[in-house]
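Using the numbering used here, you'd call the opening residue of the sequence shown number 28 and step up by one each time.
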Amino acid sequence: IHKADYLNGGTALHLAALNGHTRCIRLLLADYIPSIPNFWAVLQAGDRKSITEFDHSGICEVINKTSDGGITALHMAALNGHVETVQLLLDLGASLSEVTVEDGTTIDLI
Numbered sequence: 028i029h030k031a032d033y034l035n036g037g038t039a040l041h042l043a044a045l046n047g048h049t050r051c052i053r054l055l056l057a058d059y060i061p062s063i064p065n066f067w068a069v070l071q072a073g074d075r076k077s078i079t080e081f082d083h084s085g086i087c088e089v090i091n092k093t094s095d096g097g098i099t100a101l102h103m104a105a106l107n108g109h110v111e112t113v114q115l116l117l118d119l120g121a122s123l124s125e126v127t128v129e130d131g132t133t134i135d136l137i
């Protein structure tokens, strides 16, 4: 999940968000944080209360990682109209205020 593509700096999370593969994002994150009890169940339930029960710092770092140009997974999902993916990333702590080099924040891109 930390390995970046040498061409554009994107990660597997960026690629999954670009194509709207919400289930793939869940699998990537469940594999990344195996030490959290029932993490897969928390992601499947989509219950905001359950999600806030664990420390977001590690997962937020992964979700808000930028590729070249400051593009995050949330930017990619929003630009391509993948509503379910955008919702999942927001529920997991994706930042709306991350700014790209050229286009601005996620809100500016919508």
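Beta carbons are placed, not taken as given, at the ideal position from N, Cα and C, and that holds for glycine. As the structure is a computational prediction, the values presented were derived from the model and not from experiment.
Counting C-beta neighbours from all protein chains within 10 Å, is the total for residue i 16 or more, i.e. buried, or is it exposed?
i	result
residue 44	buried
residue 128	exposed
residue 96	exposed
residue 124	exposed
residue 68	exposed
Taking residue i as part of the alpha helix (DSSP H), name the residues at either end of that continuous run.
i	result
residue 127	No alpha helix (DSSP H) holds residue 127; DSSP gives it neither H nor E.
residue 104	100-106
residue 41	39-45
residue 93	Here residue 93 belongs to no alpha helix (DSSP H), and DSSP marks it neither H nor E.
residue 118	110-118
Are residue i and residue j closer than 8 angstroms when you measure CB to CB?
i	j	result
residue 100	residue 41	yes
residue 47	residue 102	no
residue 90	residue 54	no
residue 133	residue 49	no
Report the option in the options whose CA atom is closest to the CA atom of residue i.
i	options	result
residue 131	120, 112, 98	98
residue 30	49, 92, 133	92
For residue i, I'd like the list of residues in its chain whose CB is within less than 7 angstroms of its CB, leaving aside the five on either flank, ordered along the chain.
i	result
residue 87	120
residue 107	45, 47
Kindly list the residues whose CB is nearer than 6 angstroms to the CB of residue i, restricted to its own chain and excluding five residues on each side of it in sequence; keep chain order.
i	result
residue 94	35, 36, 37, 41
Strictly under 8 angstroms for the Cβ-Cβ distance: is residue i near chain D by that measure?
i	result
residue 37	Of the chains in the structure shown, none is chain D; there is only one protein chain.
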